[in-house]
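Under this note's numbering, think of the first position of the sequence shown as 2, with each following residue one higher. Note that CB positions come from ideal geometry on N, CA and C, so glycine has one too. Just so we're clear, the structure is a prediction, and the values are computed from it rather than from any experiment. Just below is one structure, and these are the notes that go with it.
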Amino acid sequence: SLFGLPDQAPHERVLLAADAETGLKAILAVHSTARGPAFGGCRFWTYDNELAALNDSLRLSQGMSLKNALADLPFGGGKAVIIKPAGHFDRPALFAAFGRAVQSLEGAYITAEDVGTTTADMLGMQAQTQFVSGIPRAGAFGGDPSPKTAWGVFVSIEAGVKLHLKRSSLEGVRVAIQGLGAVGWHLAEFLHKAGAKLVVTDVDAAKIARAQQLLGAQAVGIDEILSADVDVLAPCALGAALNSVSVPQIRAQLIAGAANNQLATAADGDALQQRGICYLPDYLVNAGGIISVAREYRNEGEESAVMAEVSRIGDRVAELLERVKLENSTPGRVADAWARAKLVKPA
Ligand code: NAD
């Protein structure tokens, strides 16, 4: 349905924004403002067709509602996608046009970085809209959310290793990372420092070479990472990595990564559980970045307070696994119900 996906509340608003001069074609999806203005990043990506872009924006914005609710942020869920123009384009002008589209929603949607967008894009948009975050500030935290996202994934892996793998530390734990981008690279560094053994891949050979050189990582092909012989799998590339083809091949016992929408369907989460594999829901573990840009936007807290807030994602993982035991369900289903119960205005 154009109004939302099965089993989810419908979207409040979806704006198609086009600008002939710059070639902008964007979809701004406001899923829910029940907790506050819809907050979520802007993806700049090449899509096979416009429906694929629409579908991505609807899935991602719903995920943001759940993510922001579970992180107890006073924001609803939204997301924007800009369809990358095929030929030459003027990037600052394109993002200025996007900024005007954000402004036209009068604060119902606040934007920030996502895949394909940078702090420079956000900074450039400030002239058009005040509803933008993820901009470096002199003497204060903020800017690129990726390191904080990676920290949230790291503390989630730590909690999962302790509670599901029953291992007291990350020393010697084998972790496969799919995608060494902004988040994946920081995660690799945190894990290496904690003594984990890394197995990595990326479509960019230079990133793999760097991980081999600096972090002693073992490299595998992009088709081999999901079935790698490891303890933990961290999907940090794009969505739907966990699907009916990959799930039967996964050898890791724990899955926790940054990528949004890792499960192709809820049934894939059930299949993981049946195989005894613990999947920590993406929107629970990857909330570090939105916590950072949300606190930056509200000009709240200091770096240490924000890091402490991100670290509490590890406590939420522990609570989730407790609830899963009590409810005899899967982490995905329990987290969904937990988050949906919070899709109301915070007290
Ligand atoms: P990024 O674009 O910097 O990194 C993605 C990396 O994955 C790139 O290095 C790319 O070459 C690689 N890649 C692409 N396809 C691949 C494949 N098939 N196999 C292996 N590697 C592949 O993006 P990012 O900011 O690191 O985000 C990664 C994921 O985390 C995305 O799904 C994003 O939505 C999600 N996420 C990011 C943040 C954040 O703070 N950046 C926050 C929450 C969620």
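- Shown here, R36 sits in coil according to DSSP, grouped into three states, outside any helix or strand.
- For G290, the distance from the CB to the nearest heavy atom of ligand 1 is below 6 Å.
- If you check the CB distance, L216 and L199 come in under 7 Å.
- Sequence-distant Cβ neighbours of F4 in its own chain, meaning closer than 8 Å and more than five residues away, are P11 and H12.
- Rounded to the nearest angstrom, the Cβ distance from L29 to L106 is 6 Å, consistent with a contact under 8 Å.
- About 4 Å separates the beta carbon of R44 from that of D115, a gap short enough to meet the 8 Å contact definition.
- Between ligand 1 and the CB of D205, the shortest heavy atom gap is smaller than 6 Å.
- Just measuring C-alpha positions, the residue of A257, L61, G182 and F155 sitting nearest A195 is F155.
- In the three-state scheme derived from DSSP, where H, G and I count as helix and E and B as strand, V174 is classed as coil.
- Apart from sequence neighbours up to five positions away, the residues of its chain that approach P137 with a beta-carbon distance below 7 Å are T120, G143 and G144, ordered along the chain.
- When the five nearest sequence neighbours on each side are left out, the beta carbons in the same chain lying within less than 7 Å of the beta carbon of L281 are those of S157, G161, I256, A257, V318 and P332, in order along the chain.
- For the pair G185 and P347, the Cα-to-Cα distance works out to about 32 Å.
- Under the DSSP assignment, D337 falls in the alpha helix (DSSP H) whose first and last residues are P332 to A342.
- In the displayed model, I278 falls within coil according to three-state DSSP, outside both helix and strand.
- In the three-state reduction of the DSSP assignment, R313 falls in the helix class, which pools H, G and I.
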